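Working notes, beginning with the structure itself.
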Amino acid sequence: MHHANHYYGHSHVLARYCGLDDRNPPRIHGYLQHGWNIGDGMAYDHEFVPGVPLFLWSERTRRRAWSLGRRQTYVVGAPWAYLLAMEPDGPQRREGTIWYPFHGWEGQRVVGDHDRLVDEIRAVEPGPVTVCLYWQEYRSTRVRQHYERAGFRVICHGYRGGRWRDLDPDFPHRQLAELRRHRRVASNRLCSAVFYGILAGCAPAVYGDPMQLAGEAPIWGGQPRIRRQWASLHGPQVDPDGARALAVAELGADRLLPPAELRRLFRWPEPTGRHQAPTVRSADEQHGTEVG
Amino acid sequence: MSEVHLLGGEMLGWSDLDGAHGPGPVRGPGLAALLSVASGRTLVVGPHDPQLLDALPSADLTVLVRGLPDAESLADRYADRSGVRVCCGGPEKLAGTAPYDTVVALDGLERLDSVEGTQLTWGEAFDLLVSVLRPGGRLLLGAENPLGLHRLLAAPPPSTDSDWAALGEYDDTRPAGPARLRARLTASGLRIGGVWAVFPSPIAPAALLDTELLADPDLTGFLQAVLGDPAVLGNQAVPGDRAVHGDGGGRTGDPGTGRDGPVPAAPLLADPARLAGSAVRNGIAGELAPAWVLLGERLPDPLTLTDQTVAARAHLADDRTKTVPPAALLMREGRLREVRRDPAGGWRFADGEAVPSGRTVEDLVVAATLRRDLPAVRALLTTWQSGAMAGTPADAVVVTPAGTWHGLSGATEPMFVLRRLASRLIDAGLADLWPAGELAAMLTTTAGRKPGSSVDDVSGAAAGGWRELLVDRDRLTRELSEARALQDWYERTLTERDDEMKRLRRIVALLHGTPTARAGRLLLAGARTARRTARSAVRRLRPTD
Chain C
193 MHHANHYYGH SHVLARYCGL DDRNPPRIHG YLQHGWNIGD GMAYDHEFVP GVPLFLWSER
253 TRRRAWSLGR RQTYVVGAPW AYLLAMEPDG PQRREGTIWY PFHGWEGQRV VGDHDRLVDE
313 IRAVEPGPVT VCLYWQEYRS TRVRQHYERA GFRVICHGYR GGRWRDLDPD FPHRQLAELR
373 RHRRVASNRL CSAVFYGILA GCAPAVYGDP MQLAGEAPIW GGQPRIRRQW ASLHGPQVDP
433 DGARALAVAE LGADRLLPPA ELRRLFRWPE PTGRHQAPTV RSADEQHGTE VG
Chain Z
205 MSEVHLLGGE MLGWSDLDGA HGPGPVRGPG LAALLSVASG RTLVVGPHDP QLLDALPSAD
265 LTVLVRGLPD AESLADRYAD RSGVRVCCGG PEKLAGTAPY DTVVALDGLE RLDSVEGTQL
325 TWGEAFDLLV SVLRPGGRLL LGAENPLGLH RLLAAPPPST DSDWAALGEY DDTRPAGPAR
385 LRARLTASGL RIGGVWAVFP SPIAPAALLD TELLADPDLT GFLQAVLGDP AVLGNQAVPG
445 DRAVHGDGGG RTGDPGTGRD GPVPAAPLLA DPARLAGSAV RNGIAGELAP AWVLLGERLP
505 DPLTLTDQTV AARAHLADDR TKTVPPAALL MREGRLREVR RDPAGGWRFA DGEAVPSGRT
565 VEDLVVAATL RRDLPAVRAL LTTWQSGAMA GTPADAVVVT PAGTWHGLSG ATEPMFVLRR
625 LASRLIDAGL ADLWPAGELA AMLTTTAGRK PGSSVDDVSG AAAGGWRELL VDRDRLTREL
685 SEARALQDWY ERTLTERDDE MKRLRRIVAL LHGTPTARAG RLLLAGARTA RRTARSAVRR
745 LRPTD
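Protein chains in written order, with the working numbering: chain C, 193 to 484; chain Z, 205 to 749.
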């Protein structure tokens, strides 16, 4: 229904989970939350039609959305949590840190000192560092060089997708593969990637200059609120058990729906039999397979 | 602006006080008067009207709200009072704070949680508040009744932005009814200092009545008059109603929320004042109250009783001899009246006037009507209408066992109150005990007064609930079918009489005049008859075209 439902291969992941053709996911009849946020779960600049259901990641987000006047709000959990439920963690070796510098979205520009951030990363991270840039910054040789000169490996997970165009169903798979190669996940702002990393078994850290978007107006309290409300996830070293509990709650990994219920909620068809329902494990089981 | 203490879990764009996301804060002068029981270090949790906060001792006052805009406006309001501390966030952050002498939660425990924080059940929130109460300290707690008159007779209220996880009566940790609430407080080590039933809404009560007073059968008439007052549950639509509406706080209630004001916009299933009157008569008004306010005093733990707590307790006990809460707080004609127990027996208003026992004139008239005791009805109506209470509604006049009459509301025109009585008898389904269609005129005549114009005498159901409308519709249907049958009978009778008159007129005409003229008219009449007969014979013989 909304093009953002297809960002980051989300609809593809859920179609596969539902036993449907994940190369051509059906239309989701509602708005699917596509990133972690501290408001009602929806991107503030997206068009919203009243009466269309919101499919949100977590119970806390649902409560918040309700308090903001949203009705027909349903917690389904994050597509990332479904992906992890379908992709068992192998016994690969984890090493170093994957670092996500805060990025803007299309049309936004980040204001901040990348070199100072590089120094902070060097001071904290003991092992090899992979810096993952958003596609915009990755294309900028100038930005990339800040990190390459520091000896960091610089990668990009790909393009999240446009308005039903250039969709990239492999995006989350690349991200999962990278996260599972690293022992730690870090960023200068608490964001979806940090929660994804925690759920994928990385030890999290949030530190360094949080940088600013040009003309950034703090919505719902912005960074100061995030730093206060999720204070335990901030700092170079973070309690992993507490972090995991928070990630499970924020990504709704404890609230995943069975495929039949998800199909019913999205008004998706029943599978024809050509596509087989994937093997699914609970969030606790995933945690148990973590390789340190 | 003074500082807001952020506890965590604050709701940034949220206000309970502005009424945009729900029914607004709990409010009203009755509740403010009840706050006289507060003393010492005081904590207020949940949305309370700032005027209530003004009534509290401000030397050491902590106010906890969940919305940041509310906290900021309160901090601004109390910027010049150093003893007032405004906190913002979820109630779970209170755990472990230094204990308080008084904890005030008049709004109840349902609007404490923040969307960001832990969602506490009623029982968890209650235990939390008790845990921050010093031994000897007082808890003033509001509790809405899911089976209260405000809910029982209304369509289900629409959910508000505040109901993101509202359990309501499905919260099994929530004690149901005043008896279980008392038991829950007692089980948590609190001594019950008072239980007040709250009318007409949990948010803006205009009457707070001690449940003991409410259950006193001697006060049936007084209580019915109190609950039937327009400021409480009375309906303005009844002609000649007694006073101007208020919501207990001197402001206009929001007509969109049944929980908020005495006159909800949506039609009610029945007139709540009538049900309240019946509940008083049957001794269950306390159980049907929209909400209750409980005062609990935390007993000192005997194991940890130190000299200090004994001293503190003695100190508080001294204070309390001055602050025994009133048994009733009533908004009457725009001002607050207090009722206290008379040590000599019975109940008295603060000015010393005794609260009248007995029944209302309306109740007595209804009982006499049901007995078909017309002399008693006549005696009541004439005594009422020839005395000083002639302009006071029959449901607001109490006749004591000693035979004295007490008016409990302001007076208006006698014709208004007679019509009001007629309407209320119709609402009660008693219209068929009187001659159809003219109850007001009948009552007026029986009362020894000259009826007014016929338009004024037309009475109908006026309370506006579906029950009263159905009763009135059935009455009108019956009266209409009776009126149609009567009309048919008139038509038939009239036709018979018209035919008779025509025949007689013809005979009179024939017999009228001189003998010669009479013979001529008879001849002409015979010729006309013969011509008509011939014409019709020709028509019959002629072939058709």
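All C-beta atoms in this analysis are idealised placements derived from N, C-alpha and C, irrespective of residue type, glycine included.
Remember, it's a predicted structure, so these values are computed and weren't measured experimentally.
Please classify A651(Z) as buried or exposed, where buried requires at least 16 neighbouring CB atoms within 10 angstroms.
To locate residue 651(Z), count along the second sequence from 1; it is residue 447. So A651(Z) ends up on the buried side.
Measuring straight from C-alpha to C-alpha, what distance separates A477(Z) and Y223(C)?
Here residue 477(Z) refers to the residue found at position 273 of the second sequence. Here residue 223(C) refers to the residue found at position 31 of the first sequence. The alpha-carbon atoms of A477(Z) and Y223(C) are separated by roughly 47 angstroms.
My guess is that V267(C) and R447(C) are in contact by the Cβ rule of under 8 angstroms, so how many angstroms apart are they, rounded?
The count along the first sequence starts at 1 and reaches residue 267(C) at position 75. The count along the first sequence starts at 1 and reaches residue 447(C) at position 255. Right, their Cβ atoms sit about 5 angstroms apart.
Proximity winner among A235(C), P402(C), R372(C), A196(C), relative to H221(C) (alpha-carbon distances)
For this step, residue 221(C) is matched to residue 29 along the first sequence. Residue A196(C) is the option with its Cα nearest to H221(C).
Would you be able to state if there are at least three C-beta pairs under 8 angstroms between the segment 328-346 of chain C and the segment 360-369 of chain C?
no
Which runs of the beta strand (DSSP E) fall wholly inside the segment 352-396 of chain C and span at least 3 residues, in chain order?
376-379
Could you check whether the Cβ of L221(Z) sits closer than 7 angstroms to any Cβ belonging to chain C?
In the second sequence, the residue the question calls residue 221(Z) occupies position 17. No, L221(Z) lies away from the interface with chain C (no Cβ there is under 7 angstroms from its Cβ).
First through last residue of the beta strand (DSSP E) which encompasses H610(Z):
As a working note, residue 610(Z) is residue 406 in the second sequence. Counting along the chain, the beta strand (DSSP E) containing H610(Z) begins and ends at 609-611.
Own chain residues within Cβ distance below 7 angstroms of A419(Z), not counting five before or after:
By one-based count along the second sequence, residue 419(Z) stands at place 215. These residues qualify, in order along the chain: G487, G490.
Residues, ordered as in the chain, of the segment 406-431 of chain C that lie near chain Z by beta-carbon distance below 9 angstroms:
W412, G413, R417, R420, Q421, A423
Is there a Cβ of chain C sitting closer than 7 angstroms to that of D365(Z), yes or no?
As a first step, residue 365(Z) must be located in the second sequence, where it is residue number 161. By this cut-off, D365(Z) is an interface position.
Taking 7 angstroms as the CB-CB cut-off, is G261(C) touching chain Z?
As a first step, residue 261(C) must be located in the first sequence, where it is residue number 69. At least one chain Z Cβ lies under 7 angstroms of G261(C).
Just how far apart, CA to CA, sit T596(Z) and A635(Z)?
Against the second sequence, residue 596(Z) aligns to sequence position 392. Against the second sequence, residue 635(Z) aligns to sequence position 431. Cα-Cα distance, rounded: 22 angstroms.
Starting from W291(C), trace the beta strand (DSSP E) both ways and give me its first and last residue.
What you label residue 291(C) is simply residue 99 of the first sequence in a count that begins at 1. Note, W291(C): beta strand (DSSP E), 289-292.
Could you tell me the alpha carbon to alpha carbon distance between E700(Z) and V621(Z), rounded to whole angstroms?
On the second sequence, residue 700(Z) is found 496 positions in, with the first residue counted as 1. On the second sequence, residue 621(Z) is found 417 positions in, with the first residue counted as 1. Each residue's Cα considered, the two are about 45 angstroms apart.
First through last residue of the alpha helix (DSSP H) which encompasses G372(Z)
Residue numbering aside, residue 372(Z) sits at position 168 when the second sequence is read from its first letter. First-last for G372(Z): undefined, no H or E at that position.
Answer with yes or no whether the minimum CB distance from L647(Z) to chain C is below 7 angstroms.
For the purposes of this step, residue 647(Z) is identified with residue 443 of the second sequence, where counting begins at 1. It does not: the Cβ of L647(Z) has no partner Cβ on chain C nearer than 7 angstroms.
Going by DSSP, what residue range makes up the beta strand (DSSP E) through L728(Z)?
Here residue 728(Z) is taken as the residue at index 524 of the second sequence, counted from 1. Element bounds for L728(Z): not the beta strand (DSSP E) but the alpha helix (DSSP H), 719-745.
Is H209(Z) helix, strand or coil when you go by DSSP?
For the purposes of this step, residue 209(Z) is taken as the residue at position 5 of the second sequence. Correct three-state label for H209(Z): strand.
Closer than 8 angstroms by C-beta to H295(C): which residues in its own chain qualify, once you throw out the five before and the five after it? Chain order, please.
Within the first sequence, residue 295(C) is the residue found at index 103, counting from 1. For H295(C), where only same-chain residues beyond five positions count, the Cβ hits under 8 angstroms are V302, L325, Y326, Q328, E329.
Taking beta-carbon pairs under 9 angstroms, can you tell me which members of the segment 367-378 of chain Z lie near chain C?
D367, W368, A369
Classify M215(Z): buried if its beta carbon has 16 or more other beta carbons within 10 angstroms, exposed otherwise.
Taking the first residue of the second sequence as 1, we reach residue 215(Z) at position 11. Buried: at least 16 other Cβ atoms inside 10 Å.
7 angstroms Cβ cutoff, Q440(Z) in contact with chain C:
As a working mapping, residue 440(Z) is identified with position 236 in the second sequence. Here the model assigns Q440(Z) a pLDDT of 49, short of 50, so the residue's position is not dependable and the matter cannot be decided.
G271(Z) (DSSP reduced to helix, strand or coil):
Looking up residue 271(Z) in the second sequence gives position 67. Strand at G271(Z).
Against chain C, which members of the segment 586-615 of chain Z pass a CB distance test of less than 7 angstroms?
none
Where the beta strand (DSSP E) containing F553(Z) begins and where it ends:
As a position in the second sequence, residue 553(Z) is number 349, starting the count at 1. Element bounds for F553(Z): 551-553.
For W412(C), which residues from the same chain have a beta carbon less than 6 angstroms from its beta carbon, with the 5 sequence-adjacent residues on both sides left out?
The count along the first sequence starts at 1 and reaches residue 412(C) at position 220. Once the five neighbours on either side are set aside, the close Cβ partners of W412(C) are I230, G231.
Bridge partners - G346(Z), DSSP secondary structure assignment:
Translated into positions along the second sequence, residue 346(Z) becomes position 142. Beta-bridge pairing links G346(Z) to V497(Z).
What does R256(C) touch in chain Z if you count any residue whose Cβ is under 9 angstroms from its own?
Reading the first sequence from its first residue, position 64 is the one you call residue 256(C). What R256(C) touches in chain Z: M215, V319, E320, W368.
By a C-beta neighbour count over all protein chains shown, 10 Å radius and 16 as the cutoff for buried, is L625(Z) buried or exposed?
As a working note, residue 625(Z) is residue 421 in the second sequence. Under this definition L625(Z) is a buried residue.
Taking 7 angstroms as the cut-off, decide whether the C-beta atoms of G217(Z) and K297(Z) are in contact.
Counted from its first residue, the second sequence places residue 217(Z) at position 13. Counted from its first residue, the second sequence places residue 297(Z) at position 93. Contact flag unset, no.
Buried or exposed, going by whether 16 or more other CB atoms sit within 10 Å of the CB of W368(Z)?
Here residue 368(Z) refers to the residue found at position 164 of the second sequence. So W368(Z) ends up on the buried side.
Which residues DSSP lists as bridging V307(Z), in chain order:
Counting from one through the second sequence, the residue named residue 307(Z) turns up at place 103. V307(Z) pairs with L247(Z), L343(Z).
Quick one: what does DSSP say D433(Z) is sitting in, helix, strand or coil?
Taking the first residue of the second sequence as 1, we reach residue 433(Z) at position 229. D433(Z) falls in the coil class under three-state DSSP.
Can you tell me which of the three DSSP states M619(Z) falls into?
As a working mapping, residue 619(Z) is identified with position 415 in the second sequence. It is helical.
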